[in-house]
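Read the structure below first, then the notes.
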Amino acid sequence: SYSPNYYSLLDIMTTEEKVPYQKTQVLTSIERRTHVTLTSENGDLSLAPFDVSLPGIVSGDGDEDSVRAHGEGEQELPFWMLNDAEDLHNYYVRINVPELYRSLNKSICEAGANSIDLGKLCKYFYEFGLHVSKFDDHNTIENMLLNTLRQRLTHIIDLCNCVDLKSKKDSHFDCSEEKLYSLGCENFSAYHNWLTKEVTETRCRSSKRKRSRMEADDIL
Numbered sequence: 001s002y003s004p005n006y007y008s009l010l011d012i013m014t015t016e017e018k019v020p021y022q023k024t025q026v027l028t029s030i031e032r033r034t035h036v037t038l039t040s041e042n043g044d045l046s047l048a049p050f051d052v053s054l055p056g057i058v059s060g061d062g063d064e065d066s067v068r069a070h071g072e073g074e075q076e077l078p079f080w081m082l083n084d085a086e087d088l089h090n091y092y093v094r095i096n097v098p099e100l101y102r103s104l105n106k107s108i109c110e111a112g113a114n115s116i117d118l119g120k121l122c123k124y125f126y127e128f129g130l131h132v133s134k135f136d137d138h139n140t141i142e143n144m145l146l147n148t149l150r151q152r153l154t155h156i157i158d159l160c161n162c163v164d165l166k167s168k169k170d171s172h173f174d175c176s177e178e179k180l181y182s183l184g185c186e187n188f189s190a191y192h193n194w195l196t197k198e199v200t201e202t203r204c205r206s207s208k209r210k211r212s213r214m215e216a217d218d219i220l
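The opening residue of the sequence shown carries number 1 in full-length UniProt numbering; numbering runs sequentially from there.
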């Protein structure tokens with residue numbers, strides 16, 4: 001959709017993708033109320049108060065040592081739960097960029113994006129990338145998405161123009177690329193039909209003129 005919409009099924013499916021996060025600090029009741037106010041004013045999503053029930057993890061004003069004993073390592077939750085983390089409480093949460101969009105995958109896509117199986121890596125590669133790009137301070141995700149699409153778009157156009165391959169859908173496409181491919185096939189088919197119709201009409205007019213000249217010669 002490229003325009004997140006609460007009622008969009010595509011957006012709902014996209015935001016079900018999981019993102020990694022880390023709990024960095026436990027807050028007291030007063031600190032939570034203070035931070036909720038500051039966060040809502042500043043709009044800072046990179047560090048936001050968050051509360052989630054996990055096995056062995058205490059919330060609220062529990063024993064901080066007990067919380068730390070169960071780990072502050074990287075965990076994952078659906079994006080929609082962390083997207084509005086500024087409205088929640090209890091923990092500071094640092095949202096990390098998913099491994100898919102980190103340096104290793106970025107380098108692979110830049111080296112040769114057409115060899116990447118986006119359908120296997122992430123069905124909503126572009127849509128999800130636009131969502132998580134707001135947690136990327138260096139804007140590398142947006143540039144990677146643009147470069148990847150630029151490289152793969154030529155391949156998509158070539159496939160749309162190959163009549164023999166239209167029945168064989170490329171499984172390497174993500175959801176957005178599948179839409180582009182379908183639209184491309186429809187447009188190329190419409191263009192081909194228009195050309196065929198134009199050629200047929202031209203031939204008919206040419207044949208009619210020839211018959212008219214032959215009839216005129218016979219009369220003379």
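We put the CB at the ideal spot given by N, CA and C, even for glycine.
Keep in mind that this is a model prediction, so the values were computed, not measured.
Identity of the residue in the options nearest residue i by Cα
i: residue 115; options: 155, 12, 195 and 189; result: 155
i: residue 101; options: 138, 75 and 77; result: 138
i: residue 13; options: 117, 22, 75 and 176; result: 176
i: residue 121; options: 98, 193, 131 and 136; result: 98
i: residue 162; options: 189, 145, 144 and 77; result: 189
i: residue 76; options: 150, 187, 134 and 15; result: 15
i: residue 151; options: 108, 134 and 136; result: 108
i: residue 9; options: 124, 187, 81 and 74; result: 124
Contact check, residue i vs residue j, beta carbons under 8 angstroms
i: residue 96; j: residue 20; result: yes
i: residue 184; j: residue 157; result: yes
i: residue 178; j: residue 79; result: no
i: residue 223; j: residue 119; result: Shown here, the chain extends from 1 to 220; a query on residue 223 therefore has no answer.
i: residue 126; j: residue 145; result: yes
DSSP-derived helix/strand/coil call for residue i
i: residue 179; result: helix
i: residue 101; result: helix
i: residue 142; result: helix
i: residue 126; result: helix
i: residue 7; result: coil
i: residue 12; result: helix
i: residue 18; result: strand
i: residue 95; result: strand
i: residue 86; result: Bear in mind that the predicted position of residue 86 carries a pLDDT of just 47, short of 50, making it too unreliable to give a figure here.
i: residue 186; result: helix
i: residue 23; result: strand
i: residue 58; result: Interpretation of residue 58 is limited by its pLDDT of 39, a score under 50 that renders its predicted location unreliable; the figure taken from the coordinates is listed afterwards. Coil, per DSSP.
Near the ligand PLP: residue i beta-carbon under 7 angstroms from a heavy atom
i: residue 126; result: In the structure shown, the ligand PLP is absent, as is every other ligand, since no ligand is present at all.
Inter-residue CB distance, residue i and residue j (contact presumed, cutoff 8 angstroms)
i: residue 132; j: residue 23; result: Their Cβ separation, rounded to whole angstroms, is 19 angstroms, which puts residue 132 and residue 23 out of contact at 8 angstroms.
i: residue 160; j: residue 181; result: 6 angstroms
i: residue 113; j: residue 148; result: 4 angstroms
Interface flag, residue i vs chain D, CB-CB below 8 angstroms
i: residue 112; result: Among the chains in the structure shown there is no chain D, since it carries only a single protein chain.
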